[in-house]
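In our numbering, the protein residues as written are 1257 to 1573. Yeah, the Cβ is synthetic: ideal placement off N, Cα and C, and Gly gets one too. One structure below.
This is the structure we're talking about:
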């Protein structure tokens, strides 16, 4: 049986109601995991978080605990990048753990990978496991990838982008039209990326992964609503202007939440207008990020795509 330590790298456990905490814990335990919580996971200050020293201390405790196999983030938020200058990367190298989370945790995952070479996991937070319906695909991917097995990024029959945590009894599931190929092609490379606006916080720092021979997995949430295409476009443009972007092998973009009102026409406007993207494969509407089901993506893992023959996205750790 594997042991999971839950750490509030960004938002506090206090942001989750007791019912959902119990649902998440019970679900993980039913999957064969022992679940424990870090000392400061429920501390909640004016930024709905805890101090930098508290969060780093919780990370160090989990890294040094030989009984801990997996570290799960509580939630996303806004401030995991506060931790980057205070993390003991040598300690992580000597005691590697499987660290998983998404959204704001993108900064932490990519920084640890860039500084240590250790694969991290863009996947469900602890709170994600409280979902009563629509969780099967998320669990299947998490279990497959976290155990180091090959995973094919699939097209689920239905997806959801609703606020499930507000009303678990009245969920909205939508028929999935599947992934869409913007640019055909073949590519192999190592994965970096995640939540685009958060990934871009690493620009100009030593924590930004080298983009050479990388396959970018990019997505963003619906925080800006209908302004999403403008926000994504400028964030993508900023990434294009980074060193070695011309050596990127492919781009995989996660499905957007319905509140963004994105469609194929808008995606083509963004992606087809950039000359830097003309010669690399691009696939959109894939199932990772802020919709359900959510695939687990290994940051630093291998990815292979071939839109001509297999039309698959194959992921290996």
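Other residues of its chain near residue i: CB distance less than 6 Å, five sequence neighbours each side excluded
i: residue 1259; result: 1290, 1323, 1324 and 1325
i: residue 1512; result: 1518
i: residue 1296; result: 1306, 1310 and 1314
i: residue 1455; result: 1362 and 1449
i: residue 1400; result: 1407
i: residue 1570; result: 1408 and 1560
i: residue 1417; result: 1513, 1514 and 1547
i: residue 1329; result: 1265, 1357, 1361 and 1381
i: residue 1274; result: none
Same chain, Cβ closer than 7 Å to residue i, neighbours up to 5 away in sequence not counted
i: residue 1271; result: 1304 and 1331
i: residue 1404; result: 1573
i: residue 1334; result: 1266 and 1360
i: residue 1355; result: 1327, 1365, 1368, 1376 and 1377
i: residue 1281; result: 1291
i: residue 1372; result: 1345, 1348 and 1349
i: residue 1432; result: 1411, 1412, 1413, 1414 and 1415
Reduced DSSP category for residue i - H, G, I as helix; E, B as strand; rest coil
i: residue 1277; result: helix
i: residue 1298; result: coil
i: residue 1365; result: helix
i: residue 1573; result: coil
i: residue 1354; result: strand
i: residue 1485; result: helix
i: residue 1290; result: strand
i: residue 1565; result: coil
i: residue 1443; result: strand
i: residue 1402; result: helix
i: residue 1269; result: helix
i: residue 1414; result: strand
i: residue 1203; result: The question about residue 1203 has no answer, for the chain in this structure spans 1257 to 1573.
i: residue 1391; result: coil
i: residue 1451; result: strand
i: residue 1456; result: helix
CB-CB length for residue i against residue j, believed under 8 Å
i: residue 1351; j: residue 1319; result: 5 Å
i: residue 1292; j: residue 1267; result: Not a contact, Cβ separation roughly 19 Å.
i: residue 1536; j: residue 1508; result: About 11 Å; that fails the 8 Å criterion.
i: residue 1540; j: residue 1523; result: 5 Å
i: residue 1563; j: residue 1440; result: 5 Å
i: residue 1484; j: residue 1516; result: 4 Å
i: residue 1476; j: residue 1451; result: 6 Å
i: residue 1530; j: residue 1496; result: 7 Å
Any non-hydrogen atom of the ligand NAP within 6 Å of residue i CB
i: residue 1392; result: Summarising the ligand content, the structure contains no ligands, and the ligand NAP is consequently not present.
Beta-carbon proximity list for residue i, same chain, < 8 Å, skipping 5 on both sides
i: residue 1369; result: 1375, 1376, 1448, 1465, 1555 and 1556
i: residue 1500; result: 1466, 1467 and 1468
i: residue 1391; result: 1283, 1384, 1385, 1548 and 1549
i: residue 1308; result: 1338, 1339 and 1342
i: residue 1457; result: 1337 and 1363
i: residue 1502; result: 1532
i: residue 1285; result: 1291
i: residue 1498; result: 1459, 1464 and 1467
For the segment 1541 to 1555 and the segment 1485 to 1494, state whether three or more C-beta atom pairs, one from each stretch, are separated by less than 8 Å.
No, the segment 1541 to 1555 is not in contact with the segment 1485 to 1494.
Give, in chain order, every unbroken run of the alpha helix (DSSP H) that is at least 4 residues long and sits entirely within the segment 1475 to 1545.
The qualifying runs are 1484 to 1496 and 1520 to 1528.
Measuring CB atoms only, is the segment 1353 to 1361 touching the segment 1380 to 1392, in the sense that at least three cross pairs come out at less than 8 Å?
These segments touch.
Segments assigned beta strand (DSSP E), at least 3 residues, entirely inside the segment 1300 to 1360:
1326 to 1329 and 1354 to 1357, all fully within the segment 1300 to 1360.
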